[in-house]
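Comments concern the structure below.
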Amino acid sequence: MSARLRADGVTLAYEQRTVIRDLDVAVPDGSFTVVVGPNACGKSTLLRGLARMIKPAAGSVTLDGRPIGSYGPKEVARRLALLPQSPTAPDGITVLDLVARGRYPHQSLLRQWSVADEEAVREAMAATGVAELAERDVGQLSGGQRQRVWIAMVLAQQTPLLLLDEPTTFLDIAFQLDVLDLCADLHADGERTLVAVLHDLNHACRYATHLVAMREGAIVAQGPPAEIVDADLVKAVFGITSQVVPDPQTGTPMIVPAGRETRREHQDVAARAATGP
Amino acid sequence: MNVPTLPTGPVVRTERVSVRVRPRAVTATLALIAAAVVLGALAMTLGDYQLSVGEVIGALTGSGSQAQQYVVLGLRAPRVVLALVVGAALGVAGAVFQSLARNNLASPDLLGFTTGAASGALVAIVLAGGGPAGTTLGAVVGTLVTALAVQALLGGVVGGYRLVLVGIGVNAVLAALNNLLILRTDLQTAVAAQSWLVGTLNARGWPEVVAVSVALVLLVPIAAAGSRRLDLLGMGDDVARGLGVAVEGTRVATLLVGVALVGVATAAVGPIAFVALAAPQLARRITGTTGPGMLAAGLMGAVLLLAGDVLGQRLAAPTQFPAGTMTAAIGGLYLVWLLAREWRAGR
Chain A
1 MSARLRADGV TLAYEQRTVI RDLDVAVPDG SFTVVVGPNA CGKSTLLRGL
51 ARMIKPAAGS VTLDGRPIGS YGPKEVARRL ALLPQSPTAP DGITVLDLVA
101 RGRYPHQSLL RQWSVADEEA VREAMAATGV AELAERDVGQ LSGGQRQRVW
151 IAMVLAQQTP LLLLDEPTTF LDIAFQLDVL DLCADLHADG ERTLVAVLHD
201 LNHACRYATH LVAMREGAIV AQGPPAEIVD ADLVKAVFGI TSQVVPDPQT
251 GTPMIVPAGR ETRREHQDVA ARAATGP
Chain B
1001 MNVPTLPTGP VVRTERVSVR VRPRAVTATL ALIAAAVVLG ALAMTLGDYQ
1051 LSVGEVIGAL TGSGSQAQQY VVLGLRAPRV VLALVVGAAL GVAGAVFQSL
1101 ARNNLASPDL LGFTTGAASG ALVAIVLAGG GPAGTTLGAV VGTLVTALAV
1151 QALLGGVVGG YRLVLVGIGV NAVLAALNNL LILRTDLQTA VAAQSWLVGT
1201 LNARGWPEVV AVSVALVLLV PIAAAGSRRL DLLGMGDDVA RGLGVAVEGT
1251 RVATLLVGVA LVGVATAAVG PIAFVALAAP QLARRITGTT GPGMLAAGLM
1301 GAVLLLAGDV LGQRLAAPTQ FPAGTMTAAI GGLYLVWLLA REWRAGR
């Protein structure tokens, strides 16, 4: 398995708070890698570390065989794009102008709107279905449309690697599936590698080709969802009792949390085991 | 794939250059230049010594009478040009700070940078006896120290009200410091310092014009080159870095450019209020763009300050109001309107 983007022994910290310690991960080329885990387990931090938003306190992030920090800023931006959580659109910007900003790493002071730029923006807008919104004000779009516009912006960067931090948060279920379908389409031709942080485990199992399950800053398991997801993993990662059954629609693992009564029984058993008879 | 063409507007492409032309921004920029020329011509003709446009042109080309040449070249031309270059410096500085802070209220006057520039200049005048170079250096250092202190107090990107409150505090402390500095000095220096503190284009001449022009020529290209990066920074650090912007470098470079512009402009004419606040916003409004737009902001600043000075001279003639007082009076109303609008928008 080849991996253009990988982290070896990385420790990622904000100021004094270490979130991730000594972690190894390799993003398989051509995969749709999804990172899951409970709140504050460090999944967004990992993504930000892979996208050079945080400098590792130890270890290294490698892109195409070289430390990611050794590239120039625009050079990295031509290979790897990141859509962070809740980006801010400038007041009154049009959809076209926002998507066009994705071309920045390909432009210079004199060359600001080449034929290639125009082509890339056109393709990105067509792929995300926002072409007919070109002249609309981004601030006046629905949440789902706006997220498509942001994805179009990072697509216009035309990078082989695309990192998305919780692209479905704050969207209703229809828009969530919409965005995930879009991600699946984007990686379908095998030329693009996608990494996304997702909250919904069932969505992750449906769409991911490679799943990374994290807890407390460490990776608990990684691999194709069908191979690694079972009740034990769900318990180890999220601490809940569940049943894992085949998804009736797709056959991928589907997590059905245990009912309230069953979960309570388990807790009682665990409590008795801990205190002794 | 059958996709409609993009509504990009006109595009200019040659072998090495390609750029989107925004007709509205071009029109607005030309209109601002025209406004500056008309206002400048008006300012040259008005005054106790009335001149026609023809006489002004005559004096400028060296064919008028000695009196006319003195009035035009010695008094009015430097004043008009100084208003234009100082206004431009403040407009560009305002655009830099507003986009750095991602806040339309983050202008050097509201945040106390201008008062800090005055403190620095006063320290230079009182302790080192002044001199143009010393005053300018003092003003730039004063601006820089104030800017760094305000940044530390704010600790990152913050909302409008907190910004204004910090600005009020910083302004009050520095104004008190300025008073103290003036009280400590002898009468003659105090009078000179006080008249400078009002912010006036009176009794300034070509040396000030040259100092500010040199700063503009050196610094505005840096600001303009950084304007796209500042624009991207407005979408958040992560988005900007993801697009290949050297975030820290851009921030430091543009901050220094803004600080130097405010320092040099303030050293030349004293603190001028609200030009830096209003110019970038008005420029954005008439050009219809979202970015900092350094050129338009600079032109707008130039027009605003010149208009303020012409008004101040002619409004209640023969009584003359300093340009700084005029811009403060007009700008104060603008600020009230702006805050009321933000308040209604619930921010």
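One line per chain: the protein sequences are A and B, in this order.
When the letters of the first sequence are read in order and numbered with our numbering, they come out as residues 1 to 277.
When the letters of the second sequence are read in order and numbered with our numbering, they come out as residues 1001 to 1347.
From the three backbone atoms N, C-alpha and C, an ideal C-beta is built for every residue, glycine too.
Span of the beta strand (DSSP E), counted from its first residue to its last, around residue i
i                           : result
phenylalanine 32 of chain A : 32-36
serine 1119 of chain B      : First-last for serine 1119 of chain B: 1113-1128, but that is the alpha helix (DSSP H), not the beta strand (DSSP E).
leucine 80 of chain A       : 80-83
alanine 1316 of chain B     : Per DSSP, alanine 1316 of chain B belongs to no beta strand (DSSP E) and is neither H nor E.
isoleucine 1057 of chain B  : Careful: isoleucine 1057 of chain B lies outside any beta strand (DSSP E), inside the alpha helix (DSSP H) at 1053-1061.
Below-9 Å beta-carbon distance, residue i vs any chain B residue
i                        : result
isoleucine 93 of chain A : yes
arginine 78 of chain A   : yes
glycine 72 of chain A    : yes
glycine 251 of chain A   : no
leucine 110 of chain A   : yes
glutamate 309 of chain A : Summary: the structure shown does not reach residue 309 of chain A, with chain A confined to residues 1 through 277, and so no result is reported for it.
threonine 169 of chain A : no
glycine 9 of chain A     : no
arginine 48 of chain A   : yes
alanine 89 of chain A    : yes
proline 224 of chain A   : no
alanine 3 of chain A     : no
Residue nearest to residue i in terms of C-alpha spacing, selected from the options
i                          : options                                       : result
alanine 127 of chain A     : A:Leu163, A:Gly239, A:Ser44 and A:His187      : A:His187
arginine 263 of chain A    : A:Asp247, A:Pro253, A:Gln243 and A:Gly251     : A:Gln243
leucine 1148 of chain B    : B:Gly1054, B:Arg1251 and B:Val1247            : B:Arg1251
valine 197 of chain A      : A:Val76, A:Arg6 and A:Leu82                   : A:Leu82
arginine 66 of chain A     : A:Arg6, A:Arg111 and A:Arg122                 : A:Arg6
cysteine 41 of chain A     : A:Val212, A:Pro224, A:Arg122 and A:Pro257     : A:Val212
methionine 1044 of chain B : B:Gln1313, B:Trp1337, B:Gly1298 and B:Thr1325 : B:Gln1313
aspartate 91 of chain A    : B:Gly1087, B:Leu1295 and B:Asn1104            : B:Asn1104
glutamate 135 of chain A   : B:Thr1005, B:Thr1287 and B:Tyr1334            : B:Thr1005
isoleucine 20 of chain A   : A:Thr241, A:Ala218, A:Ala258 and A:Ile228     : A:Ala218
aspartate 97 of chain A    : A:Leu133, A:Leu109 and A:Val76                : A:Leu133
proline 1271 of chain B    : B:Leu1306, B:Ala1279, B:Ala1297 and B:Thr1327 : B:Thr1327
isoleucine 151 of chain A  : A:Pro160, A:Ser142 and A:Leu182               : A:Leu182
threonine 1266 of chain B  : B:Pro1280, B:Trp1337, B:Leu1295 and B:Thr1200 : B:Thr1200
Exposure of residue i, with buried meaning 16 or more beta-carbon neighbours within 10 Å
i                            : result
proline 1318 of chain B      : exposed
alanine 174 of chain A       : exposed
tyrosine 104 of chain A      : buried
threonine 250 of chain A     : exposed
glutamine 1290 of chain B    : Sequence check: residue 1290 of chain B is threonine here, not glutamine. Threonine 1290 of chain B comes out buried.
phenylalanine 170 of chain A : exposed
tyrosine 207 of chain A      : buried
methionine 1001 of chain B   : At methionine 1001 of chain B, the pLDDT of 45 sits below 50, so the modelled position is not reliable; the number obtained from the coordinates is stated separately. Exposed: under 16 other Cβ atoms inside 10 Å.
glycine 1332 of chain B      : exposed
valine 1171 of chain B       : Per the sequence shown, the amino acid found at residue 1171 of chain B is asparagine instead of valine. Result: buried.
arginine 1344 of chain B     : exposed
glycine 190 of chain A       : exposed
threonine 33 of chain A      : buried
leucine 1163 of chain B      : buried
Identity of the residues DSSP links to residue i by a beta bridge
i                        : result
valine 1019 of chain B   : B:Val1012
aspartate 137 of chain A : A:Thr94
aspartate 165 of chain A : A:Val197
valine 10 of chain A     : A:Leu23
histidine 106 of chain A : DSSP output for histidine 106 of chain A lists no bridge partner at all.
histidine 210 of chain A : A:Thr33
alanine 58 of chain A    : A:Thr11
alanine 218 of chain A   : A:Arg215
proline 282 of chain A   : Coverage of chain A is limited to positions 1 through 277, which leaves residue 282 of chain A absent and any answer about it impossible.
proline 67 of chain A    : A:Thr62
glycine 223 of chain A   : A:Leu211
leucine 5 of chain A     : A:Val27 and A:Leu63
threonine 18 of chain A  : A:Ala13
C-beta neighbour in chain A for residue i, strict 9 Å
i                         : result
aspartate 1309 of chain B : no
arginine 1422 of chain B  : In the structure as shown, chain B starts at 1001 and stops at 1347, and residue 1422 of chain B therefore has no counterpart that could be examined.
glycine 1291 of chain B   : yes
threonine 1008 of chain B : yes
valine 1037 of chain B    : no
serine 1107 of chain B    : no
tyrosine 1246 of chain B  : Rather than tyrosine, the amino acid found at residue 1246 of chain B in this sequence is alanine. With 9 Å as the cut-off, alanine 1246 of chain B counts as an interface residue toward chain A.
Limits of the alpha helix (DSSP H) - the one that residue i falls within
i                         : result
methionine 254 of chain A : First-last for methionine 254 of chain A: 253-257, but that is the beta strand (DSSP E), not the alpha helix (DSSP H).
threonine 1135 of chain B : 1132-1154
alanine 1101 of chain B   : 1077-1101
valine 130 of chain A     : Unbroken run through valine 130 of chain A: none, as it is neither H nor E.
aspartate 1048 of chain B : First-last for aspartate 1048 of chain B: undefined, no H or E at that position.
Cβ of residue i within 9 Å of any chain E Cβ
i                          : result
methionine 1294 of chain B : No chain E appears in this structure, whose protein chains are A and B.
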